[in-house]
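The structure appears below as structure tokens.
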Amino acid sequence: MKQKSSFYYRYLSWTQKRELVSFIEQPLDNLPKGSAAYNEAYKFNSYIKMSKVKVKKNKIEVKIRIPETPTGQSRLNAIWNQIVDKVSRMNGRAFALSSNKAEDPYFYVIEGTRIKH
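Given below as structure tokens:
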């Protein structure tokens, strides 16, 4: 079996981050620019864009940036299980995932170890 390069895993990390951020972000299209709802969604999205994904051969680490606003935090908590499932599906369910929302004050963390087949 051919060994995959580090470029492959960097590219995979980058594409998965983009896909995950677009999954979590709130759409701004239908909100009136300058409204309170628009500003709240914009602020939420700016925090989500600071999230990180690192995929390696046998490990994965996803850090989702926690918004500072209470409404942003409650929105993120409401879809948390969907986020964990999305990470699992993006990787073909090849990783045993665990999520930790208490370890880091700025990020919710999802870690995974590749399941041996």
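Residue numbers 0 to 116, in numbering that gives the first Met the number 0, belong to the letters of the sequence shown in order. For glycine and all other residues, C-beta sits at the position ideal for the given N, C-alpha and C.
- Assigned with DSSP and collapsed to three states, E24 falls in coil, not helix or strand.
- The distance from the Cβ of V54 to that of Q15 is about 6 Å, consistent with a contact at the 8 Å cut-off.
- A direct Cα-to-Cα measurement between E102 and Y8 gives close to 25 Å.
- Around V61, the same chain offers V52, V86, I109 as residues with beta carbons nearer than 6 Å, after the five sequence neighbours per side are excluded.
- Exclusion of the five residues before and after A93 leaves R113, I114 as the residues of its chain whose Cβ lies within less than 7 Å of its Cβ.
- Linking Y107 to N99 through their CA atoms gives a straight-line distance of about 6 Å.
- No Cβ-Cβ contact shorter than 8 Å links S45 with I63.
- A straight line joining the alpha-carbon of M89 with that of K58 spans about 14 Å.
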